[in-house]
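Report on the structure given below.
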Amino acid sequence: MSQQIIIEGSNVAHVHEGHGEHHEHHQQHFITKYIFSQDHKIIGKQFLITGIIWAIIGALFSVFFRLQLGFPDHNFPIMEKFLGEWAKGGRLSPEFYYALVTMHGTILIFFVLTAGLTGTFANFLIPLQIGARDMASPFMNMLSYWFFFTASIIMFSSLFVQTGPAAGGWTAYPPLSALKEASLGSGVGMDLWLIAMALFVVSSLLGGLNYISTILNMRTKGMSMTRMPLTIWALFFTAIIGVLSFPVLLSGFVLLIFDRNFGTSFYLSEIFIGGKALPHIGGSPILYQHLFWFLGHPEVYIVMLPGMGIASEILSNNSRKPIFGYFAMVISLVGITVLSFLVWAHHMFVSGMSPFLGSIFVLMTLLIAVPSSVKVFNWLTTLWRGNIRFSVPMMFAIGFVSMFISGGLTGIYLGNSAIDMHLHDTYFVIAHFHLVMGVSSFFGMFAGIYHWFPKMFGRFMNNTLGYIHFFITFIGAYVIFWPMHYEGIAGMPRRYYDYTAWHSFSQFQHLNMIISIAAIVTFFGQLLFVVNFFVSIFRGRKVNEPNPWGATTLEWTTPIRPGHGNWPGEIPEVHRWPYDYKDDGNGNDFVPQTVPLKPGEEVH
Amino acid sequence: MSGFLTIVLIALVFIIIYQIAKASEYAAILRGREKVERQTNRTMAWLLVALFICGLWGIWQCHEYLMDKMLPEAASDHGVKYDLMLKVTVIVTGIVFLITQTLLFWFAFRYQSKEKRTAFFYPHNNKLELLWTTLPAVAMAVMVAVGLKGWFSMTAAAPENSQVVEVVGKQFNWIMRYPGSDNILGKRDFRLINDATNVLGLDWNDKANRDDIIAENGELHIIVNRPVKLIIGSRDVIHDVGLPHFRMKMDAVPGIVTTMWFTPTITTEEMKKKTGDKDFVYEISCDQVCGKGHYAMRGTVIVETEAEHKLWLASQKSYYASVNAAPAAPATTPGTQQADSVKAISMK
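Same order as they appear, the protein sequences are chains Z and P. Under my numbering, think of the first position of the first sequence as 363, with each following residue one higher. Under my numbering, think of the first position of the second sequence as 35, with each following residue one higher.
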């Protein structure tokens with residue numbers, strides 16, 4: 363007997379145990395069904411679509427500033443159409459170049475790879491994969507989306523204020539971000555940025571608490587923690603990291619708001635700017651850096667872990683083979699989570715921090731390479747002697763591993779303070795974090811979207827477009843970021859508007875042009891995905907079997923288009939671990955989690 | 035017009051790709067899904083191999099094309115050690131990179147789905163997992179030990195006989211201060227700063243300030259083979275003294291004094307000969323975003339012999355003298371008057 367579950371609320375289906383037939387949805391208004399929905403699946407899709415829109419904007423910004431970097435002597439009248447005054451005559455102004463760089467970082471890290479990635483998959487997958495009807499608090503879940511939406515609106519509106527959006531880098535270091543005299547972007551744009559980010563933190567806390575309590579409390583019968591798919595483990599630790607670190611960021615932002623508007627001196631000391639000496643004394647800009655990176659570094663793992671979970675799931679499913687070392691995978695996630703809180707100051711080796719403190723962070727940072735490499739070796743062994751099906755999600759999962767290796771290895775350079783001394787804030791850093799955190803997270807996200815699209819919309823995405831998208835993105839990403847390692851070793855600083863006046867860096871002009879062209883091509887390649895995504899929602903090939911990938915996990919035991927409540931009848935019971943890819947005796951090469959152990963069958 | 039044409043062209047390409055993709059879906063249905071999927075699988079396996087080979091070729095090309103564009107040899111004794119450490123790290127990570135990427139693509143190709151193949155049920159192996167936990171752990175321990183040795187040696191206190199120069203960043207240029215004949219940098223206070231008469235806010239009550247020399251043109255003159263200690267500060271926002279040729283950098287933070295030291299080993303003149311480049315110059319780049327002129331916040335380093343340095347020093351007036359001698363015309367150097375002097379500096 364499974365428990366009776368009734369979901370409260372006027373706009374959801376009531377599912378009673380014992381009634382044989384599936385209750386159809388109560389007539390729902392469009393607004394309660396698709397807009398102010400409390401169904402975790404709809405909320406997940408809302409996060410995804412908002413994330414896609416932000417991704418297009420953020421990527422378009424990178425096209426604009428890559429045009430400037432690749433062709434500093436050219437004018438592009440089309441830019442004036444988009445940016446108006448900021449690109450008069452088709453030439454980007456330095457002020458707006460910095461605004462674009464800042465917004466590109468903020469949008470992609472927070473709005474796309476945090477909200478868009480975790481928001482989508484945590485919402486969509488947690489209840490489906492652990493066997494729950496919805497989140498612990500569907501209402502809080504809805505609020506989480508709407509806080510994110512409000513943050514999005516405010517951030518978007520900051521693009522249109524007269525002094526421009528924030529322009530001090532996504533890290534927003536004071537005093538630059540604190541003083542209106544220091545930069546145009548530190549005017550109203552910065553206030554809007556801080557407000558949007560504060561709302562964003564609220565959204566991510568509401569979401570995170572919900573994910574944690576759902577995973578801990580609402581697993582179906584038989585779904586012990588050690589039978590959870592790795593996606594759920596990854597999302598669980600992502601939520602824990604977020605809940606523990608975002609509040610620290612918020613406190614840092616609150617102090618910055620005070621410094622900006624109420625005359626306090628938390629971050630300001632001994633400053634002469636705009637022709638006068640400011641009254642602030644005794645503050646420390648380094649304090650902000652500590653508060654910021656206490657989130658800023660765990661944030662990298664918030665972005666990274668869901669991709670790891672998704673890739674593990676998809677690699678195993680498409681190799682038709684269990685994930686190698688399930689427990690090692692979980693333990694390495696624990697290791698990454700704990701260590702992620704102890705490495706933040708490796709972003710500050712050259713900030714004037716005590717060298718002894720720096721040495722502790724070197725140790726911790728290089729330690730985090732251990733769980734990361736365990737994961738890589740386990741993924742490789744999962745492929746070994748498999749029966750690999752190169753579906754589109756699998757291609758992206760393989761790409762994910764490749765990008766993660768390439769980007770992860772350069773972390774060993776930057777985490778080592780003695781080597782960071784020269785590479786800090788150069789293109790080497792750009793190459794490193796784009797590969798390991800940007801591109802590979804995107805690969806994880808794409809893999810997930812292609813894989814669960816049939817579950818989300820009851821249709822498939824177009825395969826051919828998917829393959830083209832993969833090859834453009836994979837090749838594009840390496841052509842863009844690989845050569846940047848060389849530029850970085852040559853000391854070329856990041857966040858420069860123009861290198862032509864520099865004797866030491868101008869020799870890379872031709873290379874910058876190649877990178878820019880690759881970036882533009884890759885951008886249009888992503889539009890292929892966008893078209894594929896939206897067209898397939900309405901016109902894609904229909905799914906006609908509940909489990910098209912031959913997967914073991916619970917989400918594929920629901921109807922093809924599950925309603926609110928997910929399972930029309932009882933919630934299925936779980937009898938085994940999620941990676942039983944073996945002969946089931948009937949000619950199938952997998953055993954779903956819902957199948958009871960056969961007499962004499964060993965528990966994994 | 036050309037913009038419009040580009041958009042039309044891109045749209046057209048999109049439509050064509052989309053039509054092909056749609057047609058291929060229909061074709062798949064006509065020819066039998068299973069058969070098509072087998073074929074696609076084989077194609078993808080080969081394409082992944084092609085991708086891997088192209089990748090190796092690309093890395094090689096990158097190397098060929100970019101190696102001679104890199105920095106010349108390190109110009110400080112610390113930089114020489116740095117280059118060695120970097121090289122070792124490149125080799126170690128390069129080997130790991132090659133092995134793991136090769137395995138990834140090789141496994142993908144070798145174990146592609148075949149009709150007769152069944153996957154090997156292999157959920158875990160404690161020995162293997164222990165092996166690849168300890169191996170990276172040991173490798174990392176070695177890296178940490180070597181790295182920290184270098185780190186402590188470069189962050190240790192500067193030698194007694196170091197030349198001392200103060201480097202102060204402001205939006206958007208560098209101001210250098212030399213201690214003068216008394217070898218002492220006098221006190222300064224940000225409240226005394228005046229862009230016309232006292233750019234660093236020197237306290238004239240402090241006698242040690244009277245002989246200090248200030249170079250507002252962003253030129254750092256240092257002596258070859260003698261350690262130099264930089265006292266780093268900032269007038270407004272955070273900057274960063276980046277010295278790529280010496281493999282060093284350190285933030286300039288308002289309200290805090292940071293330091294770094296190194297021993298330059300090659301003079302500017304020698305470097306011109308070594309690189310065969312008459313215009314060679316050591317540059318100081320600002321490496322911490324500091325506003326709209328960040329990209330043009332350029333300074334230069336002139337490494338010279340002791341004799342040349344003495345000559346240069348002798349030709350400099352103390353800041354006190356130059357400010358007090360010509361109070362009517364205080365602008366001694368162009369490009370320091372306004373914060374907006376971006377163009378002037380970048381053109382130098």
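All C-beta atoms, glycine included, are put in the ideal place defined by N, C-alpha and C.
So, does the CB of Ile367(Z) fall closer than 8 Å to a CB anywhere in chain P?
Here residue 367(Z) corresponds to residue number 5 of the first sequence, with the count starting at 1. The pLDDT assigned to Ile367(Z) is 45, lower than 50, so where the model puts this residue is not dependable; a value taken from the coordinates is nonetheless given after this. Closer than 8 Å: no.
Cutoff 8 Å: His328(P) Cβ touching any chain Z Cβ
Working through the second sequence from its first residue, we reach residue 328(P) at position 294. Yes, His328(P) counts as interfacial toward chain Z.
Check whether chain Z comes within 8 Å of Ser319(P), counting only Cβ atoms and requiring the distance to be less than that.
Mapped onto the second sequence, residue 319(P) falls at position 285. Residue-level contact check: Ser319(P) touches chain Z, since one or more beta carbons of chain Z fall below 8 Å from its beta carbon.
Report the partner residues of Glu338(P) according to the DSSP bridge assignment.
In the second sequence, counting from the first residue as 1, residue 338(P) sits at position 304. In the DSSP output, where bridge partners are listed per residue, Glu338(P) has Ile257(P).
Just the Cα atoms here: how many angstroms apart are Met331(P) and Ala242(P)?
The count along the second sequence starts at 1 and reaches residue 331(P) at position 297. The count along the second sequence starts at 1 and reaches residue 242(P) at position 208. Note on geometry: alpha-carbon atoms of Met331(P) and Ala242(P) lie some 29 Å from one another.
Looking only at its own chain, which residues have a Cβ that is under 7 Å from the Cβ of His794(Z), when we skip the five neighbours before and after it?
Residue 794(Z) sits at position 432 when you count from the first residue of the first sequence. Only residues of its own chain outside the window of five on either side were considered, and among them Gly769, Thr772, Gly773 and Leu776 have a CB closer than 7 Å to the CB of His794(Z), listed in chain order.
By Cβ distance below 8 Å, which residues in the same chain neighbour Leu827(Z) in space, the five residues on each side in sequence not counted?
Here the question's residue 827(Z) lines up with position 465 in the first sequence. Non-local C-beta neighbours of Leu827(Z) in its own chain, meaning closer than 8 Å and more than five positions away in sequence, comprise Leu890, Phe891, Val893 and Asn894, ordered along the chain.
My assumption, with CB atoms under 8 Å, is that Thr788(Z) sits in contact with Arg857(Z). Please give the rounded CB distance.
Reading the first sequence from its first residue, position 426 is the one you call residue 788(Z). Reading the first sequence from its first residue, position 495 is the one you call residue 857(Z). Between Thr788(Z) and Arg857(Z) a beta carbon distance of about 10 Å is seen, past the 8 Å cut, so the two are scored as non-contacting.
Chain Z contact for Gly451(P) (CB, 8 Å cutoff):
With chain P covering only 35 through 382, there is no way to say anything about residue 451(P).
Distance cutoff 8 Å, beta carbons only. Does Glu447(Z) sit that close to anything in chain P?
Indexing the first sequence from 1 puts residue 447(Z) at position 85. At a cut-off of 8 Å between beta-carbon atoms, Glu447(Z) makes no contact with chain P.
On the DSSP letters alone, give me the boundaries of the beta strand (DSSP E) that Thr292(P) sits inside.
In the second sequence, the residue the question calls residue 292(P) occupies position 258. Looking at the DSSP string, the run of the beta strand (DSSP E) that includes Thr292(P) is Thr292 to Phe296.
Compare the Cα-Cα distances from Ile488(Z) to each of Pro684(Z), Met465(Z) and Thr582(Z) and report the closest residue.
As a first step, residue 488(Z) is located in the first sequence; it is residue number 126 there, counting from the start. The shortest C-alpha separation from Ile488(Z) is found at Thr582(Z).
Indicate whether Leu618(Z) and Pro668(Z) have their beta-carbon atoms separated by less than 8 Å.
Walking along the first sequence from the start, residue 618(Z) turns up at place 256. Walking along the first sequence from the start, residue 668(Z) turns up at place 306. By the CB criterion at 8 Å, Leu618(Z) and Pro668(Z) fall outside the cutoff.
Residues that Ser110(P) bridges to, as DSSP identifies them:
Indexing the second sequence from 1 puts residue 110(P) at position 76. Per DSSP, Pro298(P).
Residues in the same chain with beta-carbon distance under 8 Å from Thr576(Z), minus the five sequence neighbours each way, listed in chain order, please.
Position 214 of the first sequence, counted from the first residue, corresponds to residue 576(Z). Ile488, Pro489, Ile492, Ala494, Met497 and Ala498, listed in sequence order.
Using DSSP bridges, identify the partner residues of Gly276(P).
Walking along the second sequence from the start, residue 276(P) turns up at place 242. In DSSP, Gly276(P) forms a bridge with Lys283(P) and Ser319(P).
Does any residue of chain P bring its CB to less than 8 Å from the CB of Ala639(Z)?
Position 277 of the first sequence, counted from the first residue, corresponds to residue 639(Z). At a cut-off of 8 Å, the C-beta of Ala639(Z) has a neighbouring C-beta in chain P.
For Pro527(Z), collect the residues of the same chain with a Cβ closer than 6 Å to its Cβ; drop the 5 residues on either side in sequence, then sort them by chain order.
The residue given as residue 527(Z) occupies position 165 in the first sequence. For Pro527(Z), where only same-chain residues beyond five positions count, the Cβ hits under 6 Å are Ala461, Met465, Ser520, Leu521 and Gly551.
Alpha-carbon spacing of Met823(Z) relative to Ile922(Z), whole angstroms:
Here residue 823(Z) refers to the residue found at position 461 when the first sequence is read from its first residue. Here residue 922(Z) refers to the residue found at position 560 when the first sequence is read from its first residue. Approximately 15 Å between the Cα atoms of the pair.
Coil, strand or helix - Met210(P) by DSSP
Mapped onto the second sequence, residue 210(P) falls at position 176. DSSP places Met210(P) in strand when its eight states are reduced to three.
For the candidate residues Phe472(Z), Val463(Z), Phe483(Z) and Val523(Z), whose alpha-carbon lies nearest to that of Ala529(Z)?
Locating residue 529(Z) in the first sequence gives position 167, where the first residue counts as 1. With distances taken between Cα atoms, Ala529(Z) lies closest to Val463(Z).
Apart from the five residues just before and just after Ile574(Z), which ones in its own chain have a Cβ nearer than 8 Å to its Cβ?
Position 212 of the first sequence holds residue 574(Z). Setting aside the 5 residues that flank it on each side, Ile574(Z) is surrounded in the same chain by Phe598, Ala601, Ile602 and Val605, each with a C-beta closer than 8 Å to its C-beta; the list follows chain order.
Under the assumption that Pro940(Z) contacts Pro591(Z) (Cβ atoms under 8 Å), give the Cβ distance between them as a whole number of angstroms.
Taking the first sequence and counting its residues from 1, one reaches residue 940(Z) at position 578. Taking the first sequence and counting its residues from 1, one reaches residue 591(Z) at position 229. Correct: roughly 4 Å between the Cβ atoms.
Under 8 Å between C-beta atoms of Cys324(P) and Gln205(P):
Position 290 of the second sequence holds residue 324(P). Position 171 of the second sequence holds residue 205(P). Cβ atoms of Cys324(P) and Gln205(P): closer than 8 Å.
Partners in chain P for Ser764(Z), counting only beta-carbon separations shorter than 7 Å:
Your numbering for residue 764(Z) matches position 402 in the first sequence. Those are Gln135 and Leu138, listed as they occur along chain P.
Looking at the C-beta of Thr845(Z), does it have a partner C-beta in chain P at a distance below 8 Å?
Here residue 845(Z) corresponds to residue number 483 of the first sequence, with the count starting at 1. The residue you asked about is not Thr; residue 845(Z) is Pro in the sequence shown. A Cβ of chain P is located within less than 8 Å of the beta carbon of Pro845(Z).
In DSSP terms, what Arg821(Z) is bridged to
For the purposes of this step, residue 821(Z) is taken as the residue at position 459 of the first sequence. According to DSSP, which records beta bridges pairwise, Arg821(Z) is partnered with Lys904(Z).
Cutoff 8 Å: Ala558(Z) Cβ touching any chain P Cβ:
Taking the first sequence and counting its residues from 1, the one referred to as residue 558(Z) is at position 196. It does not; no Cβ of chain P falls within 8 Å.
Taking the alpha carbon of Leu728(Z) as the reference point, which residue from Val180(P), Asn259(P) and Tyr116(P) has its own alpha carbon closest?
For the purposes of this step, residue 728(Z) is taken as residue 366 along the first sequence, with counting starting at 1. Its Cα nearest to that of Leu728(Z), the residue Val180(P) stands out among Val180(P), Asn259(P) and Tyr116(P).
Helix or strand or just coil, what does DSSP make of Arg67(P)?
Translated into positions along the second sequence, residue 67(P) becomes position 33. Of the three classes helix, strand and coil, the one that applies to Arg67(P) here is helix, per DSSP.
Buried or exposed: where does Cys320(P) fall if 16 or more other Cβ atoms within 10 Å of its Cβ makes it buried?
The count along the second sequence starts at 1 and reaches residue 320(P) at position 286. Cys320(P) should be labelled buried.
Consult DSSP for Ile397(Z) and reduce its assignment to one of helix, strand or coil.
Translated into the one-based positions of the first sequence, residue 397(Z) becomes position 35. Helix at Ile397(Z).
CB-CB under 8 Å to Tyr354(P), same chain, minus the five flanking residues each way: which ones, in chain order?
For this step, residue 354(P) is matched to residue 320 along the second sequence. Excluding sequence neighbours, Tyr354(P) sits near Leu236, Trp238, Asn243, Arg244, Asp245 and Asp246.
Going by the CB atoms, is the gap between Thr297(P) and Asp111(P) shorter than 8 Å?
Counted from its first residue, the second sequence places residue 111(P) at position 77. Counted from its first residue, the second sequence places residue 297(P) at position 263. Yes. Within cutoff.
For a test of the three-state rule: what should DSSP assign to Gln205(P), helix, strand or coil?
Indexing the second sequence from 1 puts residue 205(P) at position 171. The answer is coil: DSSP assigns Gln205(P) none of H, G, I, E or B.
Taking C-alpha atoms, which residue in Ile877(Z), Ala913(Z) and Val692(Z) lies nearest to Gly432(Z)?
The residue labelled residue 432(Z) in the question sits at position 70 within the first sequence. Of the candidates Ile877(Z), Ala913(Z) and Val692(Z), the residue whose Cα lies closest to the Cα of Gly432(Z) is Ile877(Z).
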